[in-house]
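Residue numbers (the numbering used here), protein chains in the order written: chain A, 1 to 292; chain B, 1 to 309; chain C, 1 to 491.
Input: a single structure, listed below in structure tokens.
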């Protein structure tokens, strides 16, 4: 080794792990797959998450439901805002990750900006969507009757394949701002940001278990996402080889809410809207007598 | 003049905090259901006759005279003699000064004389006066005393005082039956109606009664239902059957039947007797008689054919 | 409570029979399918009998629609959707729906009687609840027809097209109204399949739709059994499926619709907890229990079939409940005094009986009222099970009859845990006099409709529908519109 080469610092590569219940374990299966950069060099070994990882993630997500869904809307808004703040501080890292995965640098910069802005957008909805979608219903008997939204519970998200960061956050944010917890399978081919985003979450006051992020193969995990009896809703964003139909079919096992977000342009402003929140909400109607 | 000191044992006063709350809307829903019952044919005739037998034929006017009271007694004895198998009313209800007149007029008939007492209808008199009022009515031959509770004291939360007063009047009644008028129209809520019912029963009431007839609203089905439910709970607890008397505002046979349905489905067969249920009313009897006549002849009736005394 | 004193409801004053007059009711001997504005004979050539469950005697023959019939109905609906119904102004569409509401009010007694004849429910309920609520539903949604742009902020509301609707036998006309009224108001046309045991009021509604002069094909009624429903679900030209029925069938429908673009709403089963706290208005709570489980013979998806009563008042509540049950009159649905009518069908009767046996085999203690029931027909006395726990099947499974499983709890947390310990989430009842506790509980119970200090209340303005396996989507109120609209961004 020449003295010159010795003076060049050897970078410390990051181990990309999955994110379950606020912890960063490796997949219990011990499996991995490799992502490479444009020149074919190994960028990272990515956990090939298993159905058991998914199972653990659902347990963590379920455990987090009571706390998160009863967290005040104001605080949920602040926590989402905090995620945006943290991401802003780590722009460079995310831009680098996107470009290393083949995204042009201007596009990468735009994607990170859009992601941060979308987080801020949904943070603002935390204490407002309820007012838009709730109602007082003028029943004809002597009762006070009102309908409010409540989180449906645990949401399984198969994040979009082609949008490793913005697409991921566009699905997580509306689910969690409404008090749901989620288990997300990141993009298979663009997985780096998903795991780095978990690190952002970890420093953003998001309670453990509210967001759980796996990496791995959709083909392998899709059916388990759809058939898990303790998952209340499933969001999918790709429909390759009739997978949408398979998801719907398997979801019927416990009458899951199935939300298809296929063929969307994730940089479109249309993804900024409260109906993405109401997709994973239940309407609860309460009656009470009015009397003495 | 100051009230005599409280000498009731505090332990005898029921803990009204243990009385279950009442939801007004639910009570009204239930009473609406009673009114949906369709009472026809034999069951109607049976109910009409029973209603007649439960009437306390009442006159409680400042203008009452011995003449008026005697006419009322005459009506009590001869409700409508052209109808067969009629029962007689349960009692004639008058002011204390008229007890003697009524007693004489009803001699030889199995009809009680009931007297209001205790400075009816307001009850705003010293305890000694109320006691004396009661003793005089009983002394003149009243079989039943309809007292009023001190609503002011009750609304002030002086439950011990109200309890003690009822107990004292009960003692003054001797063998006469005591009906305790809650004057529900002045209590404001069904919760208070229920609590007052419990208080009155524990203090010795033989009957609890809704109203004096001088305050609106008087008897209503929701109020009566709450009182019947209090009677049932008291029966469950003590095995003593307390009677019920809705008074004021029940003038139609149809209403009377609805009250009987309510009684029947709340307290069951044992209470379907004048010993345990009365209607305090002045014009109900004629409407019931008209209905009975209609059942007999099939023709709708005119009030001109029924004596108004 | 001493427990010694007993009220007596035996003998004594009895209510004489008070039969509803049915002389003005006109039923055809045979009903065709209502397609494209007319009653037509089924392509299948088949008919089945609909019987009166109180007498086991047939009321009429009804056509059994096959795939070809369903196809004909869907084509008629498509033609009406592409044609007059979409071309008409929204206000005019509304006027037609108002017309249905008014005509239903005019003919309400006739509909009530037929509902009770065909389904076995007490005339008091069909007269005072089913039919008036049905008319109210049409009246409510009629007014939405020309106001849809105000319902969903930022969205352009557009009709979906042809809605296929499959309804159950427990509230035949009311469910038809719940389905048809919002669908039409949103500009869709419909093909409705009534339940095979209770098709008559839907067919009378078809007459009324014809008399109201709706364009042919806007409302089509195809009668038949499960295969008719399947044909409707699987028809390629249907844009939306609305189903009310069992979770098992709902699950099949969700599977069948996988991979299609059809929207769907599902109103499925339930096993609601009715939770009584010690501080509740006990007498009204007892009424709520009765209303919760004995309304419509317990054939109610949102029935309060699990009673959770706080231990301190359990004996009192059960004692009062038993007394109250003695006053419930079981029998002729057409008698105005009947509280509990006939069980809807032989099959349902058998199913309930099996659960009664099962409950006893599981070691629960069964109590039934001593009321007499008629000799022929399908009947079930009001029934309680005590001494049951979460692990009993009669606690877990929907019985769909007048059968109540009673459990006790000590703390609020225990009550909530038990209440939510079910795959269902349609409704729930909470009884307490404490305001703060009501709101804590209404939040904690995972169900779409919460009745606090009341039970089994319905209103066209009030959204209805379940969490979890009790279904997807809401019916009623503003929320019920979205099931029949495509909501695109407003540009």
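No residue lacks a Cβ here, since even glycine has one placed at the ideal position from N, Cα and C.
With a cut-off of 8 Å, does the C-beta of residue 15 (chain C) fall near any C-beta of chain D?
-> In the structure shown, chain D does not exist; the protein chains are A, B and C.
Residue 186 (chain C) and residue 487 (chain C) look like a contact to me (Cβ under 8 Å); what is the Cβ gap, rounded to whole Å?
-> Position 186 of the third chain, counted from the first residue, corresponds to residue 186 (chain C). Position 487 of the third chain, counted from the first residue, corresponds to residue 487 (chain C). That pair is no contact at about 11 Å.
Would you report the Cα separation of residue 2 (chain A) and residue 8 (chain A), rounded to the nearest angstrom?
-> Here residue 2 (chain A) refers to the residue found at position 2 of the first chain. Here residue 8 (chain A) refers to the residue found at position 8 of the first chain. Reliability of the predicted coordinates at residue 2 (chain A) is poor, the pLDDT of 47 falling under 50, and the value obtained from them is presented with this limitation in mind. Each residue's Cα considered, the two are about 10 Å apart.
Pair every Cβ in the region 238-257 of chain A with every Cβ in the region 132-140 of chain C, then say whether three or more of these pairs are closer than 8 Å.
-> no
Cβ distance (whole Å) where residue 204 (chain C) is taken to contact residue 139 (chain C) below 8 Å | Numbered from its first residue, the third chain carries residue 204 (chain C) at position 204. Numbered from its first residue, the third chain carries residue 139 (chain C) at position 139. Rounded, the Cβ-Cβ distance is 18 Å, inconsistent with contact.
Is it right to say residue 122 (chain A) is buried, meaning 16 or more other beta carbons lie within 10 angstroms of its own, or is it exposed?
-> Reading the first chain from its first residue, position 122 is the one you call residue 122 (chain A). So residue 122 (chain A) ends up on the buried side.
Kindly confirm or deny that the region 106-123 of chain A and the region 442-449 of chain C touch, where touching means at least three C-beta pairs closer than 8 Å.
-> no
At which residues does the alpha helix (DSSP H) containing residue 49 (chain B) begin and terminate?
-> Sequence index remark: in the second chain, residue 49 (chain B) carries index 49 (1-based). 41-53 is the span of the alpha helix (DSSP H), which, as asked, contains residue 49 (chain B).
How is residue 193 (chain A) classed by DSSP in three states: helix, strand or coil?
-> Within the first chain, numbered from 1, the residue matching residue 193 (chain A) stands at position 193. Reduced to three states, the DSSP call for residue 193 (chain A) is helix.
Residue 290 (chain A) in three-state terms, based on DSSP | Sequence index remark: in the first chain, residue 290 (chain A) carries index 290 (1-based). Residue 290 (chain A): coil per DSSP, three-state reduction.
DSSP state of residue 60 (chain C) mapped onto helix, strand, coil = Numbered from 1 along the third chain, position 60 holds the residue referred to as residue 60 (chain C). It is a strand residue.
Run of the beta strand (DSSP E) containing residue 181 (chain A), from where it starts to where it stops | In the first chain, residue 181 (chain A) corresponds to position 181, counting from 1. Here the beta strand (DSSP E) through residue 181 (chain A) covers 181-185.
Residues in the region 140-166 of chain A with C-beta within 7 Å of chain C's C-beta atoms, listed in sequence order?
-> 140, 141, 143, 145 and 147
Could you list which residues in chain B have their beta carbon closer than 7 Å to that of residue 289 (chain A), in chain order?
-> Position 289 of the first chain holds residue 289 (chain A). Residues of chain B passing the Cβ test: 23, 25 and 26.
Helix, strand or coil for residue 257 (chain C), going by three-state DSSP, please let me know.
-> In the third chain, residue 257 (chain C) corresponds to position 257, counting from 1. If DSSP states are grouped into helix, strand and coil, residue 257 (chain C) belongs with coil.
Would you mind sorting residue 150 (chain C) into buried or exposed? The rule is 16 or more other CB atoms within 10 Å of its CB.
-> Working through the third chain from its first residue, we reach residue 150 (chain C) at position 150. It counts as exposed.
What separation, rounded to the nearest whole angstrom, lies between the Cα atoms of residue 439 (chain C) and residue 129 (chain A)?
-> Locating residue 439 (chain C) in the third chain gives position 439, counting from the first residue. Locating residue 129 (chain A) in the first chain gives position 129, counting from the first residue. Cα to Cα, the separation comes out at about 20 Å.
Whole-number beta carbon distance between residue 304 (chain C) and residue 293 (chain C), since they are thought to touch under 8 Å = Residue mapping note: residue 293 (chain C) aligns to position 293 of the third chain, counting from 1. Residue mapping note: residue 304 (chain C) aligns to position 304 of the third chain, counting from 1. Between residue 304 (chain C) and residue 293 (chain C) the Cβ distance is about 6 Å, and since that is below 8 Å, they are a contact.
Measure the alpha-carbon distance for residue 259 (chain C) versus residue 398 (chain C) and round it to whole angstroms.
-> For the purposes of this step, residue 259 (chain C) is identified with residue 259 of the third chain, where counting begins at 1. For the purposes of this step, residue 398 (chain C) is identified with residue 398 of the third chain, where counting begins at 1. Distance between the alpha carbons of residue 259 (chain C) and residue 398 (chain C) is about 30 Å.
For residue 65 (chain A) and chain C, any beta-carbon pair shorter than 8 Å?
-> As a working note, residue 65 (chain A) is residue 65 in the first chain. No, residue 65 (chain A) does not count as interfacial toward chain C.
Relative to the C-alpha of residue 116 (chain B), which residue among B:179, B:160 and B:166 is closest?
-> For the purposes of this step, residue 116 (chain B) is identified with residue 116 of the second chain, where counting begins at 1. Measuring from the Cα of residue 116 (chain B), the nearest candidate turns out to be B:179.
For chain A, find out if any of its Cβ atoms is closer than 8 Å to the Cβ of residue 65 (chain B); answer yes or no.
-> Translated into the one-based positions of the second chain, residue 65 (chain B) becomes position 65. Cβ-Cβ to chain A under 8 Å: no for residue 65 (chain B).
Name the two residues that bound the continuous alpha helix (DSSP H) containing residue 129 (chain C).
-> Position 129 of the third chain, counted from the first residue, corresponds to residue 129 (chain C). Taken as a continuous stretch (DSSP letters only), residue 129 (chain C) belongs to no alpha helix (DSSP H), as it is neither H nor E.
Could you name the residues of chain B that residue 282 (chain C) contacts, counting a contact when the two beta carbons are closer than 8 Å?
-> The sequence position of residue 282 (chain C) within the third chain is 282, counting from 1. Per Cβ cutoff of 8 Å: 20.
Could you tell me the boundaries of the beta strand (DSSP E) in which residue 60 (chain B) lies?
-> Residue numbering aside, residue 60 (chain B) sits at position 60 when the second chain is read from its first letter. First-last for residue 60 (chain B): undefined, no H or E at that position.
Could you list which residues in chain C have their beta carbon closer than 7 Å to that of residue 151 (chain B), in chain order?
-> Along the second chain, one-based indexing puts residue 151 (chain B) at 151. Neighbours of residue 151 (chain B) on chain C: none; closest Cβ ~23 Å, over 7 Å.
Contact set between residue 212 (chain C) and chain A, taken where Cβ atoms lie within less than 9 Å | On the third chain, residue 212 (chain C) is found 212 positions in, with the first residue counted as 1. Simply none; closest approach about 24 Å.
Name the DSSP beta bridge partners of residue 116 (chain C), please?
-> Sequence index remark: in the third chain, residue 116 (chain C) carries index 116 (1-based). DSSP output for residue 116 (chain C) lists no bridge partner at all.
Tell me, please, whether the CB atom of residue 27 (chain A) is closer than 8 Å to any CB atom in chain C?
-> Counting from 1 along the first chain, the entry for residue 27 (chain A) is found at position 27. Chain C, which has no Cβ nearer than 8 Å to the Cβ of residue 27 (chain A), makes this no.
Count the other C-beta atoms from every protein chain shown that fall within 10 angstroms of the C-beta of residue 421 (chain C), then say buried if there are 16 or more, exposed otherwise.
-> For the purposes of this step, residue 421 (chain C) is identified with residue 421 of the third chain, where counting begins at 1. Residue 421 (chain C) should be labelled exposed.
Return helix, strand or coil for residue 150 (chain C), following the three-state DSSP convention.
-> As a working note, residue 150 (chain C) is residue 150 in the third chain. Here residue 150 (chain C) sits in helix by DSSP.
Got a sec: is the Cβ-Cβ distance from residue 259 (chain B) to anything in chain C below 8 Å?
-> Within the second chain, numbered from 1, the residue matching residue 259 (chain B) stands at position 259. Answer no: the Cβ-Cβ gap between residue 259 (chain B) and chain C never drops below 8 Å.
Compare the C-beta of residue 189 (chain B) against all C-beta atoms of chain A and say whether one is closer than 8 Å.
-> Your numbering for residue 189 (chain B) matches position 189 in the second chain. Cβ-Cβ to chain A under 8 Å: yes for residue 189 (chain B).
Please classify residue 9 (chain C): does DSSP put it in a helix, a strand, or coil?
-> On the third chain, residue 9 (chain C) is found 9 positions in, with the first residue counted as 1. Of the three classes helix, strand and coil, the one that applies to residue 9 (chain C) here is coil, per DSSP.
Helix or strand or just coil, what does DSSP make of residue 489 (chain C)?
-> Position 489 of the third chain, counting from 1, holds the residue named residue 489 (chain C). Correct three-state label for residue 489 (chain C): strand.
Residue 218 (chain A) (DSSP reduced to helix, strand or coil) = Working through the first chain from its first residue, we reach residue 218 (chain A) at position 218. Helix.
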